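Chains as they are written, first to last, in this note's numbering: chain A, 160 to 455; chain B, 24 to 516. By construction, the Cβ of each residue, glycine as well, lies at the ideal position given by its N, Cα and C atoms. None of these values were measured; they are calculated from a predicted model.
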Amino acid sequence: MSTRVEVLKTYKIYIGGQFPRTESGRYYSPKNKRGESLANVCLSSRKDFRDAVGAARNAFGGWSGRAAFNRAQILYRIAEMLEGRKAQFIDELVKQNASAKDAEREVNLSIDRIIYYAGWCDKFQQVFSSVNPVASSHFNFSVPEPTGVVSIIAPQNSSLIGLVSVIAPIIAGGNTCVVLASEDQPLCAVTFAEVINSSDVPGGVVNILTGKPSELIKYFAEHMDVNAIIYCEKDDANKKLIQEKSALNVKRAIFYDGVNWLDEEKSQSPYFITDTQEIKTTWHPIETVGSAKAGY
Amino acid sequence: MAKATKNNTLKLKFDSLKYAPAPESKSSATINAQYDLFINGKFERPLSKKYFDTINPATEEKLSSVADANAADIDKAVKAARNAYSNVWSKMAAKERAKYIYRIARMIQERAREFAVIETLDGGKPIRESRDIDIPLAANHFFYYAGWADKLDYAFPNQHPKSLGVAGQIIPWNFPLLMAAWKIAPALATGNTVVLKPAETTSLSALKLAEIIQESDLPPGVVNILTGAGATGAAIVNHPDINKIAFTGSTDVGKIIQRATAGTNKKVTLELGGKAANIIFEDAPIDQAVEGIINGIYFNQGHVCCAGSRLFVQESVYKEVLRKLKDRIATLIVGDPMDKNTDIGAINSKQQLETIHKYINIGKKEGAEMFESSCALPRKGFFCRPTLFTNVAQSSRIAQEEIFGPVLTIQTFRTDDEVIEKANNTPFGLSAGVWTDKGSKIFNLTTKLRAGVIWANTYNKFDPTSPFGGYKESGFGREGGLHGLGAYLNVHS
Chain A
160 MSTRVEVLKT
170 YKIYIGGQFP
180 RTESGRYYSP
190 KNKRGESLAN
200 VCLSSRKDFR
210 DAVGAARNAF
220 GGWSGRAAFN
230 RAQILYRIAE
240 MLEGRKAQFI
250 DELVKQNASA
260 KDAEREVNLS
270 IDRIIYYAGW
280 CDKFQQVFSS
290 VNPVASSHFN
300 FSVPEPTGVV
310 SIIAPQNSSL
320 IGLVSVIAPI
330 IAGGNTCVVL
340 ASEDQPLCAV
350 TFAEVINSSD
360 VPGGVVNILT
370 GKPSELIKYF
380 AEHMDVNAII
390 YCEKDDANKK
400 LIQEKSALNV
410 KRAIFYDGVN
420 WLDEEKSQSP
430 YFITDTQEIK
440 TTWHPIETVG
450 SAKAGY
Chain B
24 MAKATKNNTL
34 KLKFDSLKYA
44 PAPESKSSAT
54 INAQYDLFIN
64 GKFERPLSKK
74 YFDTINPATE
84 EKLSSVADAN
94 AADIDKAVKA
104 ARNAYSNVWS
114 KMAAKERAKY
124 IYRIARMIQE
134 RAREFAVIET
144 LDGGKPIRES
154 RDIDIPLAAN
164 HFFYYAGWAD
174 KLDYAFPNQH
184 PKSLGVAGQI
194 IPWNFPLLMA
204 AWKIAPALAT
214 GNTVVLKPAE
224 TTSLSALKLA
234 EIIQESDLPP
244 GVVNILTGAG
254 ATGAAIVNHP
264 DINKIAFTGS
274 TDVGKIIQRA
284 TAGTNKKVTL
294 ELGGKAANII
304 FEDAPIDQAV
314 EGIINGIYFN
324 QGHVCCAGSR
334 LFVQESVYKE
344 VLRKLKDRIA
354 TLIVGDPMDK
364 NTDIGAINSK
374 QQLETIHKYI
384 NIGKKEGAEM
394 FESSCALPRK
404 GFFCRPTLFT
414 NVAQSSRIAQ
424 EEIFGPVLTI
434 QTFRTDDEVI
444 EKANNTPFGL
454 SAGVWTDKGS
464 KIFNLTTKLR
474 AGVIWANTYN
484 KFDPTSPFGG
494 YKESGFGREG
504 GLHGLGAYLN
514 VHS
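In structure tokens form, the structure reads like this:
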């Protein structure tokens with residue numbers, strides 16, 4: 160009787176709703192603490208990033224134009240899909256150094272975080288909008304709108320919770336994004352792309368690359384069709400580089416280097432959504448004919 | 024004398040009907056021969072020992088000489104601001120802070136006439152605009168933000184926002200006092216102290232404000248006002264003990280500031296250039312829309328970052344709109360800014376006039392057709408006739424770059440989709456205008472135009488309660504309203 164040979168998973172990248180290999184043909188093999196190779200992972204290139212930004216830009220009009228309620232349902236769907244594949248994520252986290260207990264906690268927290276932001280999709284606008292009592296005879300109101308395409312270097316010290324914590328508020332607010340996964344722990348990011356792909360998230364809304372921040376960070380910061388960049392490490396040289404490159408097109412550079420993504424109190428709030436929102440103010444005259452008052 | 028034309032509009036014959044001069048008196052304003060720097064509650068001679076002239080752009084006559092602050096002066100001011108922040112302002116009860124700001128608002132109101140005269144003499148804008156728009160709005164801005172000082176916890180739920188420290192603020196020459204108010208009022212209300220630099224061509228109203236601040240007994244060092252040019256601004260941007268940079272000006276300088284503050288922990292907000300689309304549909308009330316277009320581009324000589332400088336007219340009404348625009352331009356009174364009848368005053372500086380002429384020449388060379396008012400211009404001073412270009416390509420530089428003068432480009436469109444595409448096809452995103460009688464069309468357009476301020480069936484309206492600021496390369500952060508508080512507080516991360 161022969162033993163069954165296990166089918167190994169190929170870890171690919173996720174661009175525009177497709178799972179291509181990197182155009183560069185390059186790969187790297189991150190290892191866990193036990194020295195075991197995790198997988199041959201795509202070493203994404205500048206060209207992969209450009210393709211992903213193109214996909215994100217194409218998806219932006221449609222995604223930002225969706226009803227907020229619809230986005231809420233889609234985020235909730237992501238959480239449902241993640242719940243269903245919990246075991247796989249726990250396995251991958253364990254493979255990437257976590258204890259079984261910590262792995263389960265991280266996956267549970269990730270699911271809950273997506274639910275948390277699913278709920279905000281159609282609520283943060285009400286909290287952060289205003290009707291402005293201007294002195295002239297005009298109706299005037301301000302509402303948040305998504306900034307556009309956001310490039311994200313995902314938190315490097317975690318495989319799943321960091322990634323989920325930076326993607327969820329960005330897409331909850333109607334932005335699209337290109338995310339570079341944790342270099343050393345990339346497995347969950349690719350599997351999370353599969354979850355996204357089966358959750359009615361339109362192709363291009365979330366694009367996930369694997370590779371080296373040291374190589375790609377510059378491009379993430381300087382691309383002229385990216386409106387905001389998120390960086391989560393305490394690395395002053397990189398933060399400076401990002402801000403300098405961001406000046407090319409007045410990109411919003413957002414840093415989350417002090418955040419512990421496992422701390423439920425401090426690592427989730429609607430302010431993570433408003434960080435990539437613009438405030439739009441609209442004016443319209445109110446007619447002033449007649450003298451009737453709303454007196455009754 | 025008026026005669027009805029075929030299309031039933033009235034055309035006034037201005038050759039036989041002239042306005043008598045109605046000059047505002049200069050006597051209500053006191054302008055010193057020389058101004059020093061306002062540091063720590065006192066006017067102090069600059070360590071640089073240098074002064075520069077500020078002139079009246081309508082007459083080219085010298086009004087005063089103004090201190091040119093160097094890096095040592097800025098350092099002195101920052102130390103005063105830091106001391107005031109640590110020892111006085113951040114410790115004061117918020118409701119007491121508010122009262123100082125209210126006091127400043129009242130004092131501006133009391134001296135509104137003086138401010139208006141100074142603003143017009145130094146900057147060239149029509150007295151009607153400084154009197155009716157700039158100065159009242161500046162006073163109102165202080166009055167509005169004063170009331171926020173002790174209510175900040177209600178603005179940012181769950182945040183307990185904290186002030187940042189010392190704010191360095193650099194403002195432009197197009198709305199000198201108003202921009203000072205936009206910067207200083209929210210900074211003080213949120214508990215920060217200020218080092219502010221006005222633009223070098225329009226220092227006087229900010230210095231007059233410094234006098235008021237001194238009279239108001241605001242604790243020394245809470246607001247410091249230092250005059251100078253680009254190097255003075257750079258000294259503010261690069262000072263290591265400043266926590267916040269707020270800048271209003273060109274996108275080019277904004278990018279330099281963003282780069283210069285990289286690697287520091289300075290919080291930055293930028294209110295930069297624009298190239299706004301003003302879109303007129305066939306069902307719009309055309310006469311109102313024409314007034315709005317005129318106001319959109321020729322208000323303040325077109326020195327407005329949110330000016331409606333790209334006009335898009337639906338093809339079916341193009342001829343009518345163009346004819347009415349030309350008729351209206353012919354009636355605009357260009358000349359002495361101190362005359363209460365003047366519509367278009369002096370261009371702010373010789374340098375800016377040259378920039379505008381450069382773009383007019385580019386427009387001609389690019390093959391666009393130019394039309395300008397036939398009015399006579401004063402012999403002295405910097406003046407430019409209201410100008411428009413037709414046959415403008417989307418790729419034309421006059422349709423892509425910010426001119427910051429009374430120059431309008433006109434393009435046509437057929438469908439909603441086409442005009443949304445064209446309007447958004449720019450790196451800027453500060454403002455836009457839409458003219459139509461159809462409510463659903465307004466909301467379709469206003470939600471799809473990628474800009475921070477959208478005026479529907481109106482244009483160039485401002486209010487202290489109304490957040491203002493850009494998308495994309497027009498900058499980030501908001502000024503005005505509740506949202507304007509965020510620029511001066513630690514909220515989130």
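Proximal residues of chain A, C-beta to C-beta of residue i below 9 Å
i: P450 of chain B; result: M383, N408 and V409
i: R68 of chain B; result: Per Cβ cutoff of 9 Å: no residues; R68 of chain B is ~36 Å from chain A at best.
i: A285 of chain B; result: K398, K399, L400, I401, Q402, E403, K404, S405, A406 and A412
i: G277 of chain B; result: A406 and V409
Contact set between residue i and chain B, taken where Cβ atoms lie within less than 9 Å
i: K282 of chain A; result: Residues of chain B passing the Cβ test: none, with the nearest at roughly 12 Å.
i: N386 of chain A; result: Y494 and K495
i: V286 of chain A; result: P180
Chain A within 8 Å of residue i, Cβ atoms only
i: H326 of chain B; result: no
i: H183 of chain B; result: no
i: V476 of chain B; result: yes
i: E496 of chain B; result: yes
i: R154 of chain B; result: no
i: R501 of chain B; result: yes
i: Q423 of chain B; result: no
i: V529 of chain B; result: Because chain B in this structure spans residues 24 to 516, residue 529 of chain B falls outside the shown range and cannot be described.
i: S489 of chain B; result: yes
i: R282 of chain B; result: yes
i: T28 of chain B; result: Residue placement at T28 of chain B is poorly supported in this model, since its pLDDT is 47, which falls under 50; the coordinates still yield a value, given next. Answer no: the Cβ-Cβ gap between T28 of chain B and chain A never drops below 8 Å.
i: M24 of chain B; result: Confidence at M24 of chain B is low in this model, with a pLDDT of 42, below 50, so its placement is unreliable and the value that follows should be read with caution. By this cut-off, M24 of chain B is not an interface position.
Contacts of residue i in chain A (Cβ-Cβ under 7 Å)
i: S418 of chain B; result: Neighbours of S418 of chain B on chain A: none; closest Cβ ~17 Å, over 7 Å.
i: G504 of chain B; result: S289, N291 and S301
i: T469 of chain B; result: T441
is_contact[residue i, chain B] using C-beta, thresh 8 Å
i: V323 of chain A; result: no
i: E437 of chain A; result: yes
i: Y378 of chain A; result: no
i: W222 of chain A; result: no
i: A279 of chain A; result: First, the amino acid is wrong: residue 279 of chain A is Trp here, not Ala. Not an interface residue.
i: S373 of chain A; result: no
i: N316 of chain A; result: no
i: E403 of chain A; result: yes
i: F178 of chain A; result: no
i: D271 of chain A; result: no
i: D394 of chain A; result: no
Where residue i meets chain B, residues with beta-carbon distance less than 8 Å
i: P157 of chain A; result: Residue numbering for chain A in the displayed model covers 160 to 455; residue 157 of chain A lies beyond these limits and cannot be assessed.
i: S295 of chain A; result: K484 and D486
Interface residues of chain B facing residue i [CB-CB closer than 7 Å]
i: V308 of chain A; result: Near V308 of chain A there are no residues of chain B at all, since even the closest Cβ is about 11 Å away, more than 7 Å.
Touching by the beta-carbon criterion (3+ pairs, under 8 Å), the segment 247-267 of chain B and the segment 130-139 of chain B: no
3 or more residues per run - each beta strand (DSSP E) lying fully within the segment 129-203 of chain B: 189-193
Return the residues of the segment 290-318 of chain B that lie within a Cβ-Cβ distance of less than 8 Å from chain A, sorted by chain order. L293 and L295
At what residue ranges does the segment 322-358 of chain B contain a whole run of the alpha helix (DSSP H), taking only runs of 4 or more? 341-354
Taking 8 Å as the threshold, find out whether the segment 66-80 of chain B comes into contact with the segment 221-237 of chain B through three or more Cβ pairs. yes
Could you tell me which uninterrupted alpha helix (DSSP H) segments, each at least 4 residues in length, are contained entirely in the segment 239-267 of chain A, listed from first to last along the chain? 245-254
Check whether the segment 206-216 of chain A and the segment 458-467 of chain B are in contact - that is, three or more C-beta pairs closer than 8 Å. no
Ordered list of alpha helix (DSSP H) runs contained in the segment 442-503 of chain B, each at least 4 residues: 462-471
If you scan the segment 283-352 of chain A from start to end, which runs of the alpha helix (DSSP H) of 4 or more residues do you find wholly inside it? 283-287 and 320-331
Decide yes or no for the touch test of the segment 358-367 of chain B against the segment 148-157 of chain B: beta carbon pairs closer than 8 Å, at least 3 of them. yes
Looking at chain B, which residues of the segment 417-437 of chain A have a Cβ within less than 9 Å of any of its Cβ atoms? G417, V418, S428, P429, Y430, F431, T433, D434 and E437
Identify every run of the beta strand (DSSP E) within the segment 196-245 of chain B, keeping only runs that are complete inside it and at least 3 residues long; order them along the chain. 216-220
Scan the segment 360-402 of chain A and note each continuous beta strand (DSSP E) run of 3 residues or more that stays entirely inside, going in chain order. 365-368 and 387-390
Taking the runs of the beta strand (DSSP E) that are 3 residues or longer, which of them lie wholly in the segment 366-399 of chain B? 392-395
Contact list for the segment 161-183 of chain B against chain A, Cβ threshold 9 Å: N163, F179, P180, N181 and Q182
Contact the segment 325-333 of chain A vs the segment 395-405 of chain A: 3+ CB pairs below 8 Å: no
The segment 192-202 of chain B touching the segment 268-288 of chain B, judged by at least three CB pairs closer than 8 Å: yes
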